[in-house]
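In this note's numbering, the protein residues as written are 14 to 214. Virtual Cβ for every residue (Gly too), placed ideally from N, Cα, C. As the structure is a computational prediction, the values presented were derived from the model and not from experiment.
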């Protein structure tokens, strides 16, 4: 991974960082923690500046999030309904549940979009339901940009401060990610349990 990042950043500079962060949004297995921490480290080894890395990373992230937003707006709802039509007799959900979930998300969309920018995986996925409920695009872009800018700034500065020990930052972020994954899994299990319980009434 490090050799690939080094190649991309050395050869494409800020454009490479923007590309990696856009890719991270649509391909979550490429963690932003690694890209940003390493990008911060590279500011100590090249002509790249911290500000340039942060700005490039933010542009890439917002670009990737926008792609997912429009996917949610024009495709996700139809695909969800097709899945329910095909597997609804097995899954504990129906189309009405999808509509209710959309209504619920609409009430908390601003908070959800902003907070999820600090949660691994969810920082990418959250753009899809935002598109599904046709969240105001300017509001979406504003919240996404602010949240992303904070996240990127912290990790790039940490990577720059750690220097050659930048992987230590990744290690700490891995612990943070596992904690967040545990919380998310617990929330999903509770929601599924409540949904099944409600259906049995």
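- Where residue 57 sits in the DSSP three-state scheme: coil
- Check whether the segment 56-68 touches the segment 165-173, taking contact to mean three or more Cβ pairs, one atom from each stretch, closer than 8 Å. yes
- Secondary structure of residue 44, DSSP reduced to three states: coil
- Can you tell me which of 175, 202, 115, 198 puts its alpha carbon nearest to the alpha carbon of residue 133? 198
- Query: Excluding sequence positions up to five away, which residues of its chain have a Cβ less than 7 Å from the Cβ of residue 56?
  - Reply: 62, 63, 66, 173
- Message: So, with DSSP's three-state summary, where would you put residue 148?
- Response: coil
- From the DSSP output, in three-state form, read off residue 192 for me. helix
- Query: Taking C-beta to C-beta, are residue 22 and residue 52 nearer than 8 Å?
  - Reply: yes
- Query: Cβ atoms of residue 43 and residue 77: under 8 Å apart, would you say?
  - Reply: no
- In three-state DSSP terms, what is residue 139? coil
- Query: Just reading off the alpha helix (DSSP H) that residue 72 is part of, what are its end residues?
  - Reply: 63-84
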